[in-house]
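Trainee: Once you know that position 406 of the sequence shown is 664 in this note's numbering, the rest is easy, because the numbers rise by one and skip nothing.
One structure coming up, written as C-alpha cells, with questions to follow.
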Amino acid sequence: MAKKFEIDDGFIAEQNEKARSWVEEDYDALAKKLNRQDVGIEDLVERARDFRVAVPSWGVGTGGTRFARFPGEGEPRDIYEKLEDCGAIFKLVRSTPGVSLHIPWDKPKDADELRSFAKARGLHFDAMNSNTFQDQPGQPFSYKFGSLTHPDRAVREQAIEHNIECIEIGKTLGSKAHTVWIGDGGNFPGQQHFRRALERYLESMREIYKAVPDDWRLFIEHKFYEPAFYSTVINDWGTSYYCARELGPKACCLVDLGHHAPNVNIEMIVARLIQFGKLAGFHFNDSKYGDDDLDAGSIKPFQLFLIFNELVDAELGKVENFDPAYMLDQSHNVTDPIESLVMSAIELSRAYVQAHLVDRAALTEAQEKCDPLIALATLKQAFTTDVSPILAIARERAGGAIDPIGTYRASGYRKHKAEERPAKVGAAASGIV
Ligand code: PSV
Ligand code: MN
C-alpha cells in the first residue's frame, strides 16, 4: 500500500517558527496583565495542555441538510480514512486524542487492527454510539416507528441486541462508555402512548445496562424533537435524569447543546446534573434555531463560557464523582470538516481556560451581597480576556501548531487526500451527517 500523506511534526515546527515572535510578544503582554490580577499564566497553560475533547468519527465527513449534501474533496471513505483525518486534527491541536465511533457506520472488520491503526496515530476510542434511528440493509425489522420503545417486542429486541453489540465492539477497542440516543417518538398527537413508550424504553435500557461493564458508563442522550416532530420519548434532561436514576449508578445524562428549545438555560441544566451526580458529559456544537449542529462557540460563545463556568466551578470545588466526558458533535456542511473541528476544539479550550480566570471569591462575595452587577462584571472580566496566546503556547509545547488553520492549509493535506481518495460515485445524497 502506498504511503498516505500525513502532516509531519517537522513541518508543524517549521510553521511555528514563523509565528513565534508575535506569539511570544502577546504571551508576555498577557502574562503581565494576568500578573496584576494575581493569576499565573503558566498554570493556565498547564490547564490548557490537560484539556481533552473527543472528535466524532462522523464529523470528519461533510454533513448535509434535509435538502442536499455538497461533498468536499478528499472526503474519508471508511473508518481508516476517518481516523487519518482525526489524526491530522490531533497533530494540529493536541487536545483531541479520543475518537467516538458510530456503529454500524464505523463497524470494524478487525477491531484489533483498527485499535493499532488508531494507536499508531496517538488516538484512542472514546464513547461508542449506537444507531437505531436508521434501517440497515438486511435488517429484519424496521425502526420506522421506533426502536427501544417500539410496540413490537421483536423490534425492541433487535435494537437491544444492536446496543449490546456496540458495547462488545467497544470492549475490544478499549472504549469505556456507550451512548444511547434514540429517535423514537411520534409525529402525530395520539400516535404514541407517552407513559407506555417510556416504560418500554426503561425495560429495554435495563437489558442494555446489564451488558455495560462495571468500569464503563452508559450515557443517555436526550433531544427535544427530530426526527419525531410532535413528541420524543427521551425529550429532556428531566426524563433523562429519571431514567438514569431508575437504571443505576453506571447510567448518566449526556447533554448535547443542540438538543434543547431555543433560549433554554443550558448552564443551569448542567449545574443541576452536576448537583445530582448524573452529568455524563457533552456533545458540543452551537445552534441558532434548532439542532443546527453548527461549530462550537460560533453563535453563542458566552453561553459556552457560562457552561464551562459551571464545569470549572465543580472541578475546583472537587465535586464528588465529577468526571464529564467532552465530545464534539457537529455537522460541517459548508466548511472543511477538519478546519471546523480544529476551530471548535480550540473554542472549547478557550472557554475552559477563560472559566479558570473567573475570580471565584469575588463572584461568591457578589452573590452573598446580592450584587448582580458585580457578579456579571466578574464573569465578563474573564470572558473578555483574550486567552489566545495561552492556547497557542499550550499547543506548541505539546508539539501542535501555533496557527493550526494556517499550518493545515499550508500543508496541502486536503489536496493530497483528494488525490488519494477519489470520490465514491453517488456519495452526494442528502442527509444530516
Ligand atoms: C442526534 O441528533 C445526535 O446528536 C446523536 O448524538 C447521534 O448519535 C448523532 O447526532 C448522529 O448524527
Ligand atoms: Mn449528539
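All residues carry an ideal CB built from backbone N, CA and C; glycine is no exception.
Because the structure is a prediction, the values reported are computed rather than measured.
Determine the contact status of alanine 538 and cysteine 510, defining contact as a CB-CB distance below 8 Å.
Mentor: yes
Trainee: My understanding is that alanine 613 touches leucine 569, with C-beta atoms under 8 Å, so please give their C-beta distance in whole angstroms.
Mentor: 7 Å
Trainee: Please state the DSSP three-state secondary structure of leucine 515.
Mentor: coil
Trainee: Quick one: any contact between the region 352-359 and the region 667-676, if contact means 3 or more CB pairs under 8 Å?
Mentor: Touching, no, given that fewer than three Cβ pairs across the two stretches are closer than 8 Å.
Trainee: Rounded to whole angstroms, what's the CA-CA distance from lysine 200 to arginine 352? Just pull it up for me.
Mentor: Nothing in the structure corresponds to residue 200, since the chain is present only between 259 and 691.
Trainee: Please look up how many angstroms separate the CB atoms of asparagine 579 and glycine 516, rounded, as I've assumed it's under 8 Å.
Mentor: Not really, about 26 Å apart at Cβ, beyond 8 Å.
Trainee: Thinking C-beta only, is isoleucine 660 closer than 8 Å to alanine 650?
Mentor: Yes, Cβ-Cβ distance for alanine 650 and isoleucine 660 is below 8 Å.
Trainee: Flag this pair as yes or no: are the beta carbons of aspartate 587 and asparagine 543 separated by less than 8 Å?
Mentor: yes
Trainee: Going by the beta-carbon positions, is the gap between proline 334 and valine 318 smaller than 8 Å?
Mentor: yes
Trainee: How would you write the range of the beta strand (DSSP E) that arginine 307 sits in, first residue to last?
Mentor: That residue, arginine 307, is in no beta strand (DSSP E); its alpha helix (DSSP H) goes 299-308.
Trainee: Strictly by DSSP, which residues pair up with glycine 539?
Mentor: Leu512 and Ala583
Trainee: In terms of DSSP beta bridges, what is asparagine 387 paired with?
Mentor: Paired residues: His360 and Thr437.
Trainee: Between histidine 436 and isoleucine 418, how many whole angstroms is the CB-CB distance? I'm expecting something under 8 Å.
Mentor: No, histidine 436 and isoleucine 418 are not in contact; Cβ-Cβ is about 12 Å, not under 8 Å.
Trainee: Starting from glutamate 479, trace the beta strand (DSSP E) both ways and give me its first and last residue.
Mentor: Unbroken beta strand (DSSP E) run through glutamate 479: 475-479.
Trainee: Measure the C-alpha to C-alpha separation of tryptophan 474 and lysine 377 and round it to an integer number of angstroms.
Mentor: Rounded to whole angstroms, the gap between the alpha carbons of tryptophan 474 and lysine 377 is 21 Å.
Trainee: Counting pairs of Cβ atoms below 8 Å between the region 271-285 and the region 571-578, do you hit three or more?
Mentor: no
Trainee: Would you call threonine 622 buried or exposed, if buried means 16 or more other Cβ atoms sit within 10 Å of its Cβ?
Mentor: exposed
Trainee: Does the Cβ of histidine 541 lie closer than 7 Å to at least one heavy atom of the ligand PSV?
Mentor: Under cutoff, so the answer is yes.
Trainee: Please confirm whether tyrosine 547 and proline 520 have their CB atoms less than 8 Å apart.
Mentor: In this structure, proline 520 lies closer than 8 Å to tyrosine 547 by Cβ.
Trainee: Residues bridged to leucine 552 by DSSP?
Mentor: Asp544
Trainee: Applying the 10 Å Cβ sphere with the 16-neighbour rule, what's the burial state of phenylalanine 566?
Mentor: Within 10 angstroms of the beta-carbon of phenylalanine 566 lie 16 or more other beta-carbons, which makes it buried.
Trainee: Bridge partners for alanine 312 per DSSP, in chain order?
Mentor: Met585
Trainee: Quick one: what does DSSP say glycine 444 is sitting in, helix, strand or coil?
Mentor: strand
Trainee: Which same chain residues end up closer than 7 Å to serine 598 when comparing Cβ atoms and leaving out the 5 residues on each side of it in sequence?
Mentor: Cβ contact annotation for serine 598 (same chain, cutoff 7 Å, sequence separation greater than five): Asp553, Gln588 and His590, in chain order.
Trainee: From proline 662 to tyrosine 500, what distance separates their C-alpha atoms?
Mentor: 42 Å
Trainee: Look up threonine 490 in the DSSP assignment and say whether it is helix, strand or coil.
Mentor: strand
Trainee: State the start and end residues of the unbroken alpha helix (DSSP H) segment that holds valine 351.
Mentor: 337-351
Trainee: In terms of DSSP beta bridges, what is histidine 382 paired with?
Mentor: Answer by DSSP bridge pairing, in chain order: Gly356.
Trainee: Look up valine 616 in the DSSP assignment and say whether it is helix, strand or coil.
Mentor: coil
Trainee: Taking 8 Å as the threshold (C-beta atoms), are glutamate 479 and arginine 514 in contact?
Mentor: What sits at residue 514 in the sequence shown is aspartate, not arginine. Yes.
Trainee: I believe methionine 585 touches valine 311 by the beta-carbon criterion, under 8 Å. Please report the beta-carbon distance rounded to the nearest angstrom.
Mentor: Separation of the CB atoms of methionine 585 and valine 311 is rounded to 6 Å, and the pair is thereby assigned contact status at 8 Å.
Trainee: Around the C-beta of threonine 320, are 16 or more other C-beta atoms found within 10 angstroms, so that it is buried, or is it exposed?
Mentor: buried
Trainee: Anyone know if the C-beta pair for glycine 441 and alanine 486 falls short of 8 Å?
Mentor: A Cβ-Cβ contact shorter than 8 Å links glycine 441 with alanine 486.
Trainee: Sorted by chain position, which residues of the same chain lie with C-beta nearer than 6 Å to lysine 340's C-beta, five sequence neighbours on each side aside?
Mentor: Ser315, Val318 and Pro334
Trainee: At which residues does the alpha helix (DSSP H) containing serine 462 begin and terminate?
Mentor: 452-469
Trainee: Just tell me which of Phe309, Arg327 and Lys262 has its CA closest to the CA of glutamate 573.
Mentor: Phe309
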